[in-house]
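Going by the working numbering, the letters in the sequence shown line up with residues 259 to 367, in that order.
Glycine residues also receive a C-beta, built at the ideal position from the N, C-alpha and C atoms.
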Amino acid sequence: MTEHLPPDCLLTLIVPSALEEDLLDLLRGQPRLAPGFTLVPAQGMGAHIHLATSMEQVQGRAQRVLVQLALAQAQVAPLIELLRQAFPTPQIAYWATPLLAFGRLGELP
Numbered sequence: 259m260t261e262h263l264p265p266d267c268l269l270t271l272i273v274p275s276a277l278e279e280d281l282l283d284l285l286r287g288q289p290r291l292a293p294g295f296t297l298v299p300a301q302g303m304g305a306h307i308h309l310a311t312s313m314e315q316v317q318g319r320a321q322r323v324l325v326q327l328a329l330a331q332a333q334v335a336p337l338i339e340l341l342r343q344a345f346p347t348p349q350i351a352y353w354a355t356p357l358l359a360f361g362r363l364g365e366l367p
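This is the structure we're talking about:
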């Protein structure tokens, strides 16, 4: 099973703040595909960024959440397909990059 494979890929999702909780609920419900992840507040700018609120329109940038998952490469495509079915929007962007090293500085309990 893929949950025992060491992480060799970093999947990054850029998610509109309005979809954050729904996306996190979906990820938490898929521990085999998304065993853990990191969230970072972000802002998006560009021609394809939807500015949803008046404040975003004034500032010219959209509130986003950057979600990063260290995964085995075999987990990436199934997770992207699950996300695509649940959130069929061009406002969620993603990329996957090789993960050269992964570890912890101490032992897990």
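Asked                                                                                                : Found
Distance, Met313 Cα to Ile338 Cα                                                                     : 30 Å
CB contact flag (Ile272, Ala332, <8 Å)                                                               : no
Host alpha helix (DSSP H) of Arg322 (start-end)                                                      : Premise fails: Arg322 lies in the beta strand (DSSP E), 320-329, not in any alpha helix (DSSP H).
Which listed residue (Ala344, Gln349, Gln343, Leu358) has its alpha carbon closest to that of Gln321 : Gln349
Cutoff 7 Å; reference Ala344; Cβ partners in own chain excluding five residues on either side        : Leu284
Between the CA atoms of Asp266 and Asp280 - distance to the nearest angstrom                         : 26 Å
Cβ pair count under 8 Å reaching 3, the stretch 355-362 against the stretch 300-311                  : no
Burial state of Pro274, where buried means 16 or more other Cβ atoms lie within 10 Å                 : buried
Identity of the residues DSSP links to Ala354 by a beta bridge                                       : Leu269
Where Gln333 sits in the DSSP three-state scheme                                                     : helix
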